[in-house]
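In mature numbering (1 follows the signal peptide of the UniProt record, and there is no 0), the protein residues as written are -24 to -1, 1 to 387.
Have a look at the structure below before the remarks.
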(Lines of atoms letter the chains of each structure in order from A and count residues from 1; the text may use other names and numbers.)
(Lines give C-alpha, C1' and ligand atoms only; values in the text may rest on other atoms or scores of the structure.)
Protein backbone atom coordinates (compact mmCIF):
# COMPACT_ATOMS: atom_id res chain seq x y z
CA UNK A 1 0.00 0.00 0.00
CA UNK A 2 2.90 2.35 0.79
CA UNK A 3 4.29 1.68 -2.67
CA UNK A 4 0.93 2.55 -4.19
CA UNK A 5 0.93 5.88 -2.37
CA UNK A 6 4.41 6.69 -3.67
CA UNK A 7 3.36 5.79 -7.22
CA UNK A 8 0.26 7.96 -6.92
CA UNK A 9 2.40 10.86 -5.71
CA UNK A 10 4.72 10.36 -8.66
CA UNK A 11 1.80 10.29 -11.11
CA UNK A 12 0.42 13.43 -9.53
CA UNK A 13 3.73 15.28 -9.92
CA UNK A 14 4.06 14.07 -13.50
CA UNK A 15 0.54 15.26 -14.26
CA UNK A 16 1.31 18.69 -12.84
CA UNK A 17 4.47 18.96 -14.90
CA UNK A 18 2.61 17.83 -18.01
CA UNK A 19 -0.26 20.22 -17.39
CA UNK A 20 1.91 23.33 -17.55
CA UNK A 21 2.63 24.96 -20.87
CA UNK A 22 6.11 23.94 -21.96
CA UNK A 23 8.05 24.99 -24.97
CA UNK A 24 11.51 24.69 -26.44
CA UNK A 25 13.51 25.49 -29.53
CA UNK A 26 13.29 22.94 -32.34
CA UNK A 27 16.57 22.98 -34.28
CA UNK A 28 16.29 23.81 -37.97
CA UNK A 29 19.23 23.30 -40.28
CA UNK A 30 20.93 26.51 -41.43
CA UNK A 31 18.08 28.71 -40.10
CA UNK A 32 19.83 32.02 -40.84
CA UNK A 33 21.40 30.91 -44.14
CA UNK A 34 24.89 31.71 -42.86
CA UNK A 35 26.13 28.44 -44.39
CA UNK A 36 26.36 29.52 -48.05
CA UNK A 37 25.13 27.46 -51.00
CA UNK A 38 27.67 25.23 -52.66
CA UNK A 39 29.59 26.31 -55.75
CA UNK A 40 29.20 30.06 -55.32
CA UNK A 41 31.81 32.78 -54.87
CA UNK A 42 31.40 34.07 -51.33
CA UNK A 43 33.44 37.17 -52.16
CA UNK A 44 31.31 38.14 -55.14
CA UNK A 45 30.89 41.89 -55.54
CA UNK A 46 27.15 41.60 -56.01
CA UNK A 47 24.90 41.30 -52.97
CA UNK A 48 22.58 39.02 -54.96
CA UNK A 49 23.78 35.67 -56.33
CA UNK A 50 21.30 33.78 -58.51
CA UNK A 51 21.16 30.08 -57.60
CA UNK A 52 20.84 27.15 -59.97
CA UNK A 53 19.06 23.98 -58.89
CA UNK A 54 21.53 21.90 -60.92
CA UNK A 55 24.78 23.30 -59.50
CA UNK A 56 23.90 24.90 -56.15
CA UNK A 57 22.77 23.29 -52.90
CA UNK A 58 21.53 25.31 -49.92
CA UNK A 59 22.62 23.41 -46.77
CA UNK A 60 19.54 22.10 -44.99
CA UNK A 61 17.10 23.38 -47.59
CA UNK A 62 15.52 22.33 -50.86
CA UNK A 63 14.65 25.05 -53.37
CA UNK A 64 13.05 25.59 -56.73
CA UNK A 65 12.18 28.49 -58.99
CA UNK A 66 14.09 31.78 -58.86
CA UNK A 67 16.11 32.11 -55.65
CA UNK A 68 18.99 34.50 -54.87
CA UNK A 69 21.53 34.25 -52.04
CA UNK A 70 21.64 37.71 -50.47
CA UNK A 71 24.30 39.45 -48.40
CA UNK A 72 23.14 42.25 -46.11
CA UNK A 73 24.57 45.76 -46.27
CA UNK A 74 24.33 48.86 -48.44
CA UNK A 75 20.74 48.99 -49.70
CA UNK A 76 19.73 45.61 -48.21
CA UNK A 77 18.96 45.67 -44.50
CA UNK A 78 19.03 42.31 -42.69
CA UNK A 79 19.45 41.45 -39.00
CA UNK A 80 23.14 41.73 -38.20
CA UNK A 81 23.83 42.40 -41.90
CA UNK A 82 23.96 38.65 -42.36
CA UNK A 83 22.64 36.55 -45.21
CA UNK A 84 19.19 35.67 -46.48
CA UNK A 85 17.35 34.29 -49.48
CA UNK A 86 15.36 36.32 -51.97
CA UNK A 87 12.46 34.42 -53.49
CA UNK A 88 11.68 35.54 -57.03
CA UNK A 89 9.27 34.18 -59.63
CA UNK A 90 8.00 30.79 -58.39
CA UNK A 91 10.75 30.87 -55.78
CA UNK A 92 10.28 28.37 -52.96
CA UNK A 93 12.37 26.82 -50.19
CA UNK A 94 11.42 23.94 -47.90
CA UNK A 95 12.82 21.91 -45.05
CA UNK A 96 11.50 18.77 -43.38
CA UNK A 97 12.05 18.29 -39.66
CA UNK A 98 11.18 15.39 -37.39
CA UNK A 99 8.15 15.63 -35.14
CA UNK A 100 9.29 15.07 -31.55
CA UNK A 101 5.86 13.67 -30.51
CA UNK A 102 6.10 15.95 -27.47
CA UNK A 103 5.13 19.31 -28.95
CA UNK A 104 1.44 19.93 -29.63
CA UNK A 105 2.15 22.83 -31.96
CA UNK A 106 5.07 24.49 -33.73
CA UNK A 107 5.41 28.27 -33.95
CA UNK A 108 7.73 29.80 -36.53
CA UNK A 109 9.42 33.16 -36.00
CA UNK A 110 10.97 34.66 -39.13
CA UNK A 111 12.24 37.88 -40.70
CA UNK A 112 10.75 39.42 -43.85
CA UNK A 113 12.53 42.19 -45.74
CA UNK A 114 12.24 44.05 -49.05
CA UNK A 115 15.17 43.88 -51.46
CA UNK A 116 15.88 47.63 -51.19
CA UNK A 117 14.61 50.79 -49.54
CA UNK A 118 12.78 51.70 -52.74
CA UNK A 119 10.82 48.44 -52.44
CA UNK A 120 9.54 49.17 -48.94
CA UNK A 121 6.20 50.39 -50.26
CA UNK A 122 5.79 47.63 -52.85
CA UNK A 123 3.86 44.41 -52.34
CA UNK A 124 6.58 42.24 -50.78
CA UNK A 125 4.92 39.01 -49.66
CA UNK A 126 5.60 35.36 -48.85
CA UNK A 127 3.43 32.35 -48.06
CA UNK A 128 4.29 30.19 -45.05
CA UNK A 129 2.88 26.65 -45.21
CA UNK A 130 2.71 23.92 -42.59
CA UNK A 131 1.23 20.42 -42.84
CA UNK A 132 -2.25 21.58 -43.86
CA UNK A 133 -2.54 25.36 -43.45
CA UNK A 134 -0.82 28.37 -44.96
CA UNK A 135 -0.83 32.14 -44.58
CA UNK A 136 0.44 35.05 -46.67
CA UNK A 137 2.55 37.69 -44.92
CA UNK A 138 3.04 41.08 -46.58
CA UNK A 139 5.71 43.59 -45.63
CA UNK A 140 4.12 46.78 -44.29
CA UNK A 141 5.81 50.11 -43.72
CA UNK A 142 5.68 52.06 -40.43
CA UNK A 143 5.71 48.96 -38.22
CA UNK A 144 9.32 49.28 -37.09
CA UNK A 145 12.47 51.38 -37.22
CA UNK A 146 14.26 48.86 -39.43
CA UNK A 147 13.33 48.00 -43.00
CA UNK A 148 13.00 44.34 -42.01
CA UNK A 149 10.18 42.96 -39.89
CA UNK A 150 9.78 39.91 -37.68
CA UNK A 151 6.59 37.81 -37.80
CA UNK A 152 5.39 34.59 -36.21
CA UNK A 153 2.99 31.88 -37.36
CA UNK A 154 1.57 28.72 -35.77
CA UNK A 155 2.22 25.93 -38.28
CA UNK A 156 0.07 23.16 -36.89
CA UNK A 157 -3.62 22.79 -36.01
CA UNK A 158 -4.40 19.47 -34.33
CA UNK A 159 -3.51 17.33 -37.32
CA UNK A 160 -2.83 13.64 -36.81
CA UNK A 161 0.89 13.58 -35.91
CA UNK A 162 3.34 12.11 -38.38
CA UNK A 163 7.01 11.38 -38.00
CA UNK A 164 8.04 14.36 -40.13
CA UNK A 165 6.70 17.84 -40.88
CA UNK A 166 7.55 19.99 -43.88
CA UNK A 167 7.93 23.76 -43.65
CA UNK A 168 7.52 25.55 -46.97
CA UNK A 169 8.15 29.22 -47.82
CA UNK A 170 7.36 30.68 -51.23
CA UNK A 171 7.10 34.06 -52.91
CA UNK A 172 3.73 35.60 -53.67
CA UNK A 173 3.45 37.55 -56.91
CA UNK A 174 1.62 40.86 -56.63
CA UNK A 175 -1.21 41.42 -59.09
CA UNK A 176 0.43 44.65 -60.23
CA UNK A 177 4.08 44.71 -59.19
CA UNK A 178 5.42 48.25 -59.74
CA UNK A 179 9.01 47.05 -59.54
CA UNK A 180 9.82 43.60 -60.88
CA UNK A 181 12.96 43.52 -58.68
CA UNK A 182 10.96 43.89 -55.46
CA UNK A 183 10.79 40.29 -54.37
CA UNK A 184 10.76 39.24 -50.69
CA UNK A 185 13.83 38.29 -48.67
CA UNK A 186 13.50 35.69 -45.90
CA UNK A 187 16.00 35.44 -43.04
CA UNK A 188 16.50 34.28 -39.44
CA UNK A 189 14.04 31.46 -38.81
CA UNK A 190 13.36 30.14 -35.31
CA UNK A 191 11.05 27.20 -34.62
CA UNK A 192 9.47 26.66 -31.22
CA UNK A 193 7.65 23.54 -30.03
CA UNK A 194 4.80 24.26 -27.62
CA UNK A 195 2.57 22.06 -25.45
CA UNK A 196 -1.04 23.00 -24.84
CA UNK A 197 -2.02 23.76 -21.24
CA UNK A 198 -4.00 21.00 -19.56
CA UNK A 199 -5.33 22.53 -16.34
CA UNK A 200 -5.72 25.95 -14.74
CA UNK A 201 -3.25 27.08 -12.11
CA UNK A 202 -4.20 29.48 -9.34
CA UNK A 203 -7.54 31.22 -9.63
CA UNK A 204 -7.01 32.82 -13.04
CA UNK A 205 -9.68 31.85 -15.55
CA UNK A 206 -7.46 33.00 -18.42
CA UNK A 207 -4.90 30.57 -19.72
CA UNK A 208 -1.75 32.49 -20.66
CA UNK A 209 -3.19 35.68 -19.21
CA UNK A 210 0.29 37.16 -18.94
CA UNK A 211 1.16 36.31 -22.56
CA UNK A 212 4.28 34.50 -21.39
CA UNK A 213 3.79 31.63 -23.84
CA UNK A 214 4.18 32.61 -27.46
CA UNK A 215 6.72 32.74 -30.26
CA UNK A 216 10.42 32.85 -29.42
CA UNK A 217 12.35 36.05 -29.99
CA UNK A 218 15.21 36.17 -32.47
CA UNK A 219 18.60 36.99 -31.02
CA UNK A 220 19.15 40.00 -33.28
CA UNK A 221 15.58 41.31 -33.12
CA UNK A 222 14.84 44.40 -31.06
CA UNK A 223 11.56 45.36 -32.76
CA UNK A 224 9.21 42.80 -31.26
CA UNK A 225 7.25 40.19 -33.21
CA UNK A 226 4.27 41.08 -35.39
CA UNK A 227 1.23 38.83 -35.01
CA UNK A 228 -1.65 38.97 -37.47
CA UNK A 229 -5.26 37.83 -37.42
CA UNK A 230 -5.89 34.29 -38.61
CA UNK A 231 -8.79 33.51 -40.95
CA UNK A 232 -11.45 30.96 -40.05
CA UNK A 233 -10.58 30.69 -36.36
CA UNK A 234 -12.10 27.68 -34.58
CA UNK A 235 -13.18 28.79 -31.08
CA UNK A 236 -12.87 25.22 -29.80
CA UNK A 237 -9.25 24.85 -30.91
CA UNK A 238 -6.42 25.48 -28.43
CA UNK A 239 -4.59 27.40 -31.18
CA UNK A 240 -5.97 30.56 -32.73
CA UNK A 241 -2.62 32.27 -33.36
CA UNK A 242 1.06 32.11 -32.47
CA UNK A 243 0.06 33.54 -29.07
CA UNK A 244 -1.18 30.48 -27.26
CA UNK A 245 -4.93 30.39 -26.38
CA UNK A 246 -5.49 33.89 -27.82
CA UNK A 247 -6.84 34.98 -31.19
CA UNK A 248 -5.41 38.13 -32.78
CA UNK A 249 -7.51 41.02 -34.10
CA UNK A 250 -5.81 43.05 -36.82
CA UNK A 251 -2.08 43.30 -36.12
CA UNK A 252 -0.42 43.39 -32.70
CA UNK A 253 3.19 43.48 -31.59
CA UNK A 254 4.50 40.84 -29.18
CA UNK A 255 7.15 42.54 -27.04
CA UNK A 256 9.72 41.40 -24.50
CA UNK A 257 11.17 42.93 -21.36
CA UNK A 258 14.67 43.12 -22.84
CA UNK A 259 13.73 45.77 -25.42
CA UNK A 260 10.47 47.31 -24.18
CA UNK A 261 8.70 48.16 -20.96
CA UNK A 262 6.31 45.36 -20.00
CA UNK A 263 3.90 46.23 -17.16
CA UNK A 264 4.13 42.76 -15.62
CA UNK A 265 6.27 39.75 -16.40
CA UNK A 266 8.66 39.28 -19.30
CA UNK A 267 6.28 39.63 -22.23
CA UNK A 268 3.26 41.70 -23.25
CA UNK A 269 1.15 42.70 -26.25
CA UNK A 270 1.15 46.16 -27.86
CA UNK A 271 -1.95 47.11 -29.87
CA UNK A 272 -0.51 48.93 -32.87
CA UNK A 273 -2.67 48.83 -35.98
CA UNK A 274 -6.03 50.22 -34.90
CA UNK A 275 -9.36 49.43 -36.56
CA UNK A 276 -9.06 47.17 -34.60
CA UNK A 277 -5.88 45.86 -33.00
CA UNK A 278 -6.34 43.44 -30.16
CA UNK A 279 -6.57 39.96 -28.74
CA UNK A 280 -9.59 37.76 -28.12
CA UNK A 281 -10.21 34.83 -25.79
CA UNK A 282 -12.99 32.26 -26.23
CA UNK A 283 -14.46 31.41 -22.83
CA UNK A 284 -17.01 28.98 -21.48
CA UNK A 285 -18.61 29.66 -18.11
CA UNK A 286 -19.11 26.59 -15.94
CA UNK A 287 -21.65 28.38 -13.74
CA UNK A 288 -23.54 31.64 -13.60
CA UNK A 289 -22.42 34.47 -11.36
CA UNK A 290 -20.38 37.64 -11.11
CA UNK A 291 -17.04 37.70 -12.93
CA UNK A 292 -14.18 40.12 -12.23
CA UNK A 293 -11.64 40.99 -14.92
CA UNK A 294 -8.38 42.64 -13.88
CA UNK A 295 -5.83 43.89 -16.40
CA UNK A 296 -3.06 46.43 -16.94
CA UNK A 297 -2.82 49.11 -19.64
CA UNK A 298 0.51 50.83 -20.25
CA UNK A 299 2.94 52.03 -22.86
CA UNK A 300 6.02 50.19 -24.09
CA UNK A 301 8.49 52.98 -23.36
CA UNK A 302 8.87 53.56 -27.10
CA UNK A 303 7.99 57.30 -27.17
CA UNK A 304 4.36 56.50 -27.91
CA UNK A 305 2.66 59.63 -26.57
CA UNK A 306 -1.08 60.14 -26.70
CA UNK A 307 -4.48 59.25 -25.33
CA UNK A 308 -5.05 55.50 -25.31
CA UNK A 309 -8.47 53.86 -25.32
CA UNK A 310 -8.87 50.12 -24.84
CA UNK A 311 -12.30 48.60 -25.43
CA UNK A 312 -13.05 45.45 -23.45
CA UNK A 313 -15.91 43.40 -24.83
CA UNK A 314 -17.54 40.31 -23.33
CA UNK A 315 -20.14 38.93 -25.69
CA UNK A 316 -22.23 42.00 -26.53
CA UNK A 317 -21.20 44.02 -23.44
CA UNK A 318 -18.58 46.76 -23.94
CA UNK A 319 -16.50 48.96 -21.64
CA UNK A 320 -14.09 51.78 -22.55
CA UNK A 321 -10.90 52.39 -20.57
CA UNK A 322 -8.76 55.48 -21.21
CA UNK A 323 -5.17 56.28 -20.29
CA UNK A 324 -2.84 59.18 -21.06
CA UNK A 325 0.57 57.89 -22.21
CA UNK A 326 3.82 59.79 -21.73
CA UNK A 327 5.75 57.28 -23.82
CA UNK A 328 8.14 56.48 -20.97
CA UNK A 329 6.73 53.18 -19.76
CA UNK A 330 3.86 54.23 -17.52
CA UNK A 331 1.05 51.78 -16.68
CA UNK A 332 -2.18 51.56 -14.72
CA UNK A 333 -4.28 48.71 -13.33
CA UNK A 334 -7.97 48.43 -14.26
CA UNK A 335 -10.86 46.22 -13.22
CA UNK A 336 -14.44 45.51 -14.26
CA UNK A 337 -17.20 43.20 -13.13
CA UNK A 338 -20.13 41.69 -14.97
CA UNK A 339 -22.74 39.03 -14.40
CA UNK A 340 -22.31 35.90 -16.50
CA UNK A 341 -25.69 34.40 -17.34
CA UNK A 342 -24.40 32.11 -20.07
CA UNK A 343 -24.99 28.39 -20.27
CA UNK A 344 -21.99 26.03 -19.98
CA UNK A 345 -22.25 25.27 -23.70
CA UNK A 346 -21.99 28.91 -24.80
CA UNK A 347 -18.65 30.02 -26.25
CA UNK A 348 -18.26 33.69 -25.31
CA UNK A 349 -15.58 35.93 -26.89
CA UNK A 350 -13.70 38.26 -24.54
CA UNK A 351 -11.64 40.86 -26.38
CA UNK A 352 -9.24 43.69 -25.54
CA UNK A 353 -8.86 46.03 -28.52
CA UNK A 354 -7.85 49.51 -29.64
CA UNK A 355 -9.43 51.33 -32.58
CA UNK A 356 -7.17 54.40 -32.60
CA UNK A 357 -3.91 54.92 -34.51
CA UNK A 358 -0.90 56.37 -32.68
CA UNK A 359 2.69 56.85 -33.87
CA UNK A 360 6.04 57.26 -32.15
CA UNK A 361 8.41 60.16 -32.76
CA UNK A 362 9.97 57.95 -35.48
CA UNK A 363 6.57 57.66 -37.22
CA UNK A 364 6.27 54.00 -36.21
CA UNK A 365 2.79 52.71 -35.40
CA UNK A 366 2.35 52.11 -31.68
CA UNK A 367 -0.37 51.89 -29.08
CA UNK A 368 -1.45 50.68 -25.65
CA UNK A 369 0.25 47.70 -24.05
CA UNK A 370 -1.94 45.18 -22.27
CA UNK A 371 -0.76 42.61 -19.75
CA UNK A 372 -1.63 40.88 -16.50
CA UNK A 373 -5.07 39.70 -17.62
CA UNK A 374 -6.83 37.96 -14.74
CA UNK A 375 -10.38 36.57 -14.57
CA UNK A 376 -12.07 35.18 -11.47
CA UNK A 377 -15.53 34.11 -10.41
CA UNK A 378 -16.79 35.94 -7.34
CA UNK A 379 -17.59 32.70 -5.55
CA UNK A 380 -14.59 31.36 -3.67
CA UNK A 381 -12.81 28.51 -5.34
CA UNK A 382 -14.79 28.58 -8.57
CA UNK A 383 -13.59 29.78 -11.92
CA UNK A 384 -14.35 29.64 -15.59
CA UNK A 385 -12.16 28.51 -18.39
CA UNK A 386 -11.52 29.03 -22.05
CA UNK A 387 -12.39 26.61 -24.80
CA UNK A 388 -9.73 24.25 -23.42
CA UNK A 389 -11.85 23.50 -20.32
CA UNK A 390 -14.13 21.47 -22.61
CA UNK A 391 -11.24 19.04 -22.94
CA UNK A 392 -10.21 19.25 -19.31
CA UNK A 393 -12.83 16.85 -18.01
CA UNK A 394 -11.68 13.97 -20.23
CA UNK A 395 -8.10 14.53 -19.08
CA UNK A 396 -9.18 14.38 -15.45
CA UNK A 397 -11.14 11.19 -16.08
CA UNK A 398 -8.08 9.52 -17.58
CA UNK A 399 -5.91 10.67 -14.69
CA UNK A 400 -8.40 9.38 -12.10
CA UNK A 401 -8.58 6.09 -14.00
CA UNK A 402 -4.78 5.75 -13.76
CA UNK A 403 -4.95 6.41 -10.02
CA UNK A 404 -7.67 3.80 -9.54
CA UNK A 405 -5.78 1.17 -11.50
CA UNK A 406 -2.62 1.93 -9.53
CA UNK A 407 -4.39 1.46 -6.21
CA UNK A 408 -5.98 -1.80 -7.33
CA UNK A 409 -2.69 -3.14 -8.67
CA UNK A 410 -0.59 -2.39 -5.58
CA UNK A 411 -3.26 -2.89 -2.91
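A virtual CB, placed ideally from N, CA and C, is assigned to each residue, including glycine.
Can you say whether residue i is buried or exposed, counting buried as having 16 or more other CB atoms within 10 angstroms of its CB?
i	result
residue 112	exposed
residue 334	buried
residue 33	exposed
residue 253	buried
residue 117	exposed
residue 320	exposed
residue 203	buried
residue 172	buried
residue 258	buried
residue 199	buried
residue 298	exposed
residue 276	buried
residue 57	exposed
residue 28	exposed
residue 184	buried
residue 26	exposed
residue 14	exposed
residue 242	exposed
residue 49	exposed
residue 39	buried
residue 296	exposed
residue 164	buried
residue 187	buried
Under 8 Å by Cβ, that's how I've got residue i and residue j pegged, so tell me the actual separation to the nearest angstrom.
i	j	result
residue 83	residue 244	Residue 83 to residue 244, Cβ: 17 Å. No contact.
residue 9	residue 61	6 Å
residue 37	residue 91	In fact, because the Cβ distance is near 19 Å, the residues do not count as touching under 8 Å.
residue 67	residue 147	5 Å
residue 85	residue 128	5 Å
residue 160	residue 100	5 Å
residue 330	residue 286	6 Å
residue 201	residue 233	With 8 Å as the limit, residue 201 and residue 233 do not qualify as a contact, their Cβ atoms being about 14 Å apart.
What does residue i pair with, by DSSP beta-bridge criteria?
i	result
residue 302	281
residue 142	72
residue 104	111 and 145
residue 325	258
residue 308	273
residue 347	272
residue 10	Paired residues: none, contrary to the question.
residue 253	330
residue 130	83
Does the structure place the segment 136 to 148 close enough to the segment 216 to 233 that three or more beta carbon pairs sit under 8 Å? Using a Cβ-Cβ distance cut-off of 8 Å, the segment 216 to 233 and the segment 136 to 148 are not in contact, since fewer than three pairs of beta carbons, one from each stretch, lie closer than that value.
Three or more C-beta pairs under 8 Å: does that hold for the segment 279 to 296 against the segment 221 to 230? As far as the Cβ criterion goes, the segment 279 to 296 does not touch the segment 221 to 230, which means the pair count is below three.
Can you list the beta strand (DSSP E) stretches of 3 or more residues lying completely in the segment 18 to 84, in chain order? Counting only runs of 3 or more, we get 24 to 26, 38 to 40, 43 to 47, 59 to 63 and 68 to 74.
With a floor of 4 residues, list each alpha helix (DSSP H) that falls wholly inside the segment 175 to 235, ordered by position along the chain. Secondary structure remark: continuous alpha helix (DSSP H) runs of at least 4 residues inside the segment 175 to 235: none found.
Does the segment 345 to 352 come close enough to the segment 236 to 243 that 3 or more CB-CB pairs lie under 8 Å? The segment 236 to 243 vs the segment 345 to 352: in contact.
Indicate whether the contact test is met: 3 or more Cβ pairs, each with one atom in the segment 264 to 277 and one in the segment 310 to 329, closer than 8 Å. Yes: the two stretches touch, three or more of their Cβ pairs being nearer than 8 Å.
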